[in-house]
Amino acid sequence: MAFQKAVKGTALIGGGAIATVFGLSQFSQYRNKHGTFVHVEAAEAVTVPLQNHFPTREQQILALQTTSEFDVLVIGGGATGCGCALDAVTRGLKTALLERDDFSSGTSSRSTKLIHGGVRYLQKAIMKLDLEQYKIVKEALEERANLLEIAPHLSAPLPIMLPVYKWWQLPYYWLGIKIYDLVAGSQCLKSSYVLSKSRALELFPMLRKDHLVGAIVYYDGQHNDARMNLSIALTAARYGAATANYAEVLRLLKTTDPAGGKERVCGVRCRDVLTGQEFDVRAKCVINATGPFTDSVRKMDDQEVPNICQPSAGVHIVMPGYYSPDNMGLLDPATSDGRVIFFLPWEKMTIAGTTDSPTDVTSHPIPTEEDINFILNEVRNYLSVDVEVRRGDVLAAWSGIRPLVTDPNSKDTQSISRNHVVTISESGLITIAGGKWTTYRAMAQDTIDAAVQAHNLKAGSCKTLGLQLQGAEDWSPTLYIRLVQDYGLESEVAQHLASTYGDKAFEVAKIAQVTGKRWPIVGKRLVSEFPYIEAEVVYGVKEYARTAVDMISRRTRLAFLNVQAAEEALPRIVDIMGKELNWSEQKKKEELEAAKKFLYYEMGYKVKSDQLADSSEISLLPSDIERYKKRFRMFDKDKKGFITIVDVQRVLESISVQIAENTLHDILSEVDLNKNGQVELNEFLQLMSAIQKGHVSGSRLAVLMKTAEENLHRRAVIPVDRSGGGL
17 MAFQKAVKGT ALIGGGAIAT VFGLSQFSQY RNKHGTFVHV EAAEAVTVPL
67 QNHFPTREQQ ILALQTTSEF DVLVIGGGAT GCGCALDAVT RGLKTALLER
117 DDFSSGTSSR STKLIHGGVR YLQKAIMKLD LEQYKIVKEA LEERANLLEI
167 APHLSAPLPI MLPVYKWWQL PYYWLGIKIY DLVAGSQCLK SSYVLSKSRA
217 LELFPMLRKD HLVGAIVYYD GQHNDARMNL SIALTAARYG AATANYAEVL
267 RLLKTTDPAG GKERVCGVRC RDVLTGQEFD VRAKCVINAT GPFTDSVRKM
317 DDQEVPNICQ PSAGVHIVMP GYYSPDNMGL LDPATSDGRV IFFLPWEKMT
367 IAGTTDSPTD VTSHPIPTEE DINFILNEVR NYLSVDVEVR RGDVLAAWSG
417 IRPLVTDPNS KDTQSISRNH VVTISESGLI TIAGGKWTTY RAMAQDTIDA
467 AVQAHNLKAG SCKTLGLQLQ GAEDWSPTLY IRLVQDYGLE SEVAQHLAST
517 YGDKAFEVAK IAQVTGKRWP IVGKRLVSEF PYIEAEVVYG VKEYARTAVD
567 MISRRTRLAF LNVQAAEEAL PRIVDIMGKE LNWSEQKKKE ELEAAKKFLY
617 YEMGYKVKSD QLADSSEISL LPSDIERYKK RFRMFDKDKK GFITIVDVQR
667 VLESISVQIA ENTLHDILSE VDLNKNGQVE LNEFLQLMSA IQKGHVSGSR
717 LAVLMKTAEE NLHRRAVIPV DRSGGGL
């Protein structure tokens with residue numbers, strides 16, 4: 017206690033004046049602004065009717081084809097694009113939205129999953145007396161509070177620990193975090209606090225102890241980004257927006273303004289990616305909200321326009337949940353190269369990231385081994401030496417492209433704008449670019465305000481502040497209990513459904529299949545270790561999912577949590593989607609292959625085989641090599657030099673153990689590098705060497721063969737579930 021008082025006293029003497037100026041000025045501004053928001057929200061409630069159900073995709077395509085002219089047409093189905101559609105339609109504007117891929121298929125599903133103001137931005141604002149940075153933080157904190165309110169089922173406050181290893185840093189960081197609280201004003205989630213070394217280790221036991229002085233804990237928000245994006249899109253659809261995924265814009269349509277003789281954008285030519293059908297969609301105003309692809313749409317308008325997007329790649333990795341406490345994140349404020357790394361619990365796993373490096377714009381960004389190892393090394397710096405941070409524990413990895421932009425309206429067009437930028441071309445194309453996930457609503461508001469003014473649209477003021485999203489209306493923290501009691505779902509499954517679909521979870525529960533077991537009564541899981549059930553695939557089709565990738569990455573988050581589990585679930589997912597969408601056998605095969613390719617390249621599955629290949633120099637002791645050869649020969653009775661499913665089945669039958677053939681196929685394919693249906697001795701030795709190095713963990717084949725050897729004469733049950741190891 018005396019320690020904390022001394023720290024606080026030092027901080028107040030050194031920075032009390034700054035905190036007072038920032039705190040009082042922002043609090044006064046906040047009260048004025050917030051009071052205005054409440055007044056506007058109360059006086060101008062949304063008058064557009066909210067439908068009980070959103071239209072089917074086929075109905076949406078028909079609306080796009082048959083509507084003579086929309087007021088607003090948004091290109092891009094990420095958070096900002098869907099936010100623009102929701103803002104426009106709730107103002108009473110006839111609204112359409114086109115997305116080339118799936119909703120949230122790009123950057124919006126590949127974030128750090130934080131809803132935050134930006135501690136780093138605030139540090140720069142103070143150190144450089146940068147008013148723009150301060151305004152960014154201020155706006156983001158206001159939007160953070162709103163997002164937590166309008167989608168409480170998808171978001172929640174998260175305590176984040178900032179460990180301190182030097183005495184002088186404690187008052188320095190404490191002051192900065194306290195100013196962060198003050199800038200938030202009455203919208204501060206919870207007040208930050210200082211922890212002693214012992215208390216910090218109690219709350220985060222895997223933290224490195226050496227030279228630890230103490231820690232500071234502050235609060236930000238966390239959410240399920242892809243589901244949040246989808247909720248915004250579905251809410252817009254329920255208010256009447258004609259939203260369609262897999263609708264690609266081919267070119268802009270233009271007409272000559274009779275008054276001024278100038279060409280004006282009046283719509284787009286688009287193509288239904290699923291059917292190949294092309295048609296025109298006309299609108300008074302077209303909005304470009306395509307994130308990293310901003311410049312490609314701008315060049316449809318004017319080939320000579322200079323690029324404003326400077327894409328930056330951010331890689332994240334997912335590791336087993338035991339790497340972090342269930343409800344405490346970690347912030348590394350100064351990595352070895354000056355970047356910030358977050359280490360956060362998410363969906364009962366641990367997410368770590370992000371990197372920040374220049375990249376080319378692509379629809380299929382791929383995480384690099386260099387970035388993955390950078391994150392792992394930074395994690396090692398903060399975790400106890402007792403915790404072995406293994407490369408093999410990476411369960412998934414992905415790269416997202418952050419669309420940093422230069423402001424074309426600025427005198428210095430080379431400098432990157434830290435805020436979002438709204439521009440209007442000579443032909444009337446409106447572009448919204450830059451910004452961050454947290455401020456999507458404010459970005460949409462600024463964009464539609466600009467559209468209304470530039471195109472003389474008849475619309476009122478923004479009505480999205482406090483507007484609840486799909487699933488939020490009747491949600492409560494105890495809703496999952498009703499799902500357990502009324503439908504007989506497992507508690508874990510019920511909690512997952514409630515936190516994913518909100519009050520719409522009952523619609524999923526109603527179509528859940530009977531298990532045939534005493535408990536749970538309904539709800540067949542797609543994979544044993546995750547709470548996703550088969551009924552979600554059926555419901556996902558209603559939510560506009562049209563590919564297997566949509567289902568494993570954005571309707572469920574399996575691909576982002578464990579790529580091996582996602583691959584295991586794929587055949588069943590494809591079968592269910594095939595029935596719902598009337599897929600042929602050839603189409604089902606194509607979907608399966610496309611989803612596997614997605615997992616292999618974009619979600620980090622490729623690194624598994626790479627890790628085994630990189631371990632081709634088998635670094636095992638001679639005694640270990642002989643031991644593993646003996647184990648291998650126990651299965652390779654015919655001395656072929658390789659083993660197949662038949663060989664494994666023969667050994668298992670000899671000890672009265674039965675494992676399904678498709679399960680055995682999956683187990684062998686995890687190690688079969690050349691995909692020839694067999695595991696050769698050299699491949700097996702490479703696997704065992706990689707396991708010893710920590711490059712690979714949780715190999716089911718290794719566990720199965722070891723257990724079979726040990727229990728050959730004891731008839732023991734052999735476990736084949738994943739142990740939590742990863743890529």
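Per my numbering, residue 17 is the first one in the sequence shown, and the count goes up by one each step.
Virtual Cβ for every residue (Gly too), placed ideally from N, Cα, C.
Note that the coordinates shown come from a computational prediction; the quantities given were computed from them, not determined experimentally.
- Within 10 angstroms of the beta-carbon of Arg-570 lie 16 or more other beta-carbons, which makes it buried.
- Under DSSP, Ala-413 takes part in a beta bridge, and its partners are Ile-333.
- If you draw a straight line from the Cα of Ser-477 to the Cα of Val-565, it comes to about 38 Å.
- Residue nearest to Ala-101 within the set Ile-193, Met-335, Cys-301 and Phe-651 is Cys-301 (criterion: CA-CA distance).
- Residue range 294–304 is occupied by the beta strand (DSSP E) that includes Glu-294.
- DSSP assignment within the segment 67–149 yields the following whole beta strand (DSSP E) runs of 3 residues or more, N-terminal first: 86–91 and 111–114.
- Contact between Arg-573 and Ala-242 holds, since their C-beta atoms are separated by about 7 Å, short of 8 Å.
- Here Gln-326 is bridged, per DSSP, to Leu-420.
- Assigned with DSSP and collapsed to three states, Phe-309 falls in helix.
- When C-beta atoms of the segment 173–193 are compared with those of the segment 231–245, three or more pairs fall below 8 Å, so the two segments count as touching.
- Around the beta carbon of Glu-218, fewer than 16 other beta carbons sit within 10 angstroms, so the residue counts as exposed.
- The three-state secondary structure of Ala-275, taken from DSSP, is coil.
- In this structure, DSSP gives Met-222 a state outside helix and strand, which the three-state scheme calls coil.
- Separation of the CB atoms of Val-695 and Leu-680 is rounded to 11 Å, and the pair is thereby denied contact status at 8 Å.
- In this chain, His-239 is not harboured by any alpha helix (DSSP H); it is covered by the beta strand (DSSP E) spanning 230–239.
- Judged by DSSP secondary structure, Ser-352 falls outside any alpha helix (DSSP H); it is assigned neither H nor E.
- Within a 10 Å sphere around the beta-carbon of Asp-654 sit fewer than 16 other beta-carbons, which makes this residue exposed.
- For the set Val-509, Leu-701 and Arg-160, the Cα lying nearest the Cα of Pro-547 is the one of Val-509.
- Judged by DSSP secondary structure, Phe-614 falls within the alpha helix (DSSP H) whose first and last residues are 601–617.
- Ala-368 places its beta carbon 7 Å or farther from that of Val-410.
- Residue range 677–685 is occupied by the alpha helix (DSSP H) that includes Thr-679.
- Across the set Leu-145, Ala-156, Leu-205 and Lys-154, the C-alpha of Leu-205 shows the shortest separation from the C-alpha of Pro-173.
- Excluding its 5 nearest sequence neighbours in each direction, Thr-259 has C-beta neighbours in its own chain below 7 Å: Gln-76, Ala-101, Leu-113, Ala-249, Ala-252 and Ala-253, listed in chain order.
- His-169 and Thr-494 have their alpha carbons spaced roughly 11 Å apart.
- In the structure shown, Asp-288 falls within a strand segment according to DSSP collapsed to helix, strand and coil.
- For Pro-547, there is no enclosing beta strand (DSSP E), since its DSSP letter is neither H nor E.
- Between the alpha carbons of Lys-154 and Phe-576 lies a gap of roughly 31 Å.
- Taking the CA atoms as reference points, Gly-97 sits about 41 Å from Gln-185.
- Tyr-209 has Val-233 as its beta-bridge partners, per DSSP.
- Taking C-beta atoms under 8 Å as the contact rule, Gly-307 and Gly-92 qualify, at a distance of about 7 Å.
- As computed with DSSP, Met-177 is found in a beta bridge with Val-233 and Leu-346.
- Sequence-distant Cβ neighbours of Thr-531 in its own chain, meaning closer than 8 Å and more than five residues away, are Ile-537, Val-538, Gly-539 and Lys-540.
- The residue from Asp-342, Glu-699 and Ala-257 with its alpha-carbon nearest to that of Thr-72 is Ala-257.
- The beta carbon of Ala-718 sits closer than 7 Å to those of Leu-703, Met-704 and Ile-707, all from its chain and outside the five residues before and after it, given in chain order.
- Annotation: Pro-381 is outside any beta strand (DSSP E) and is labelled neither H nor E by DSSP.
- DSSP, read as helix, strand or coil, puts Trp-535 in coil.
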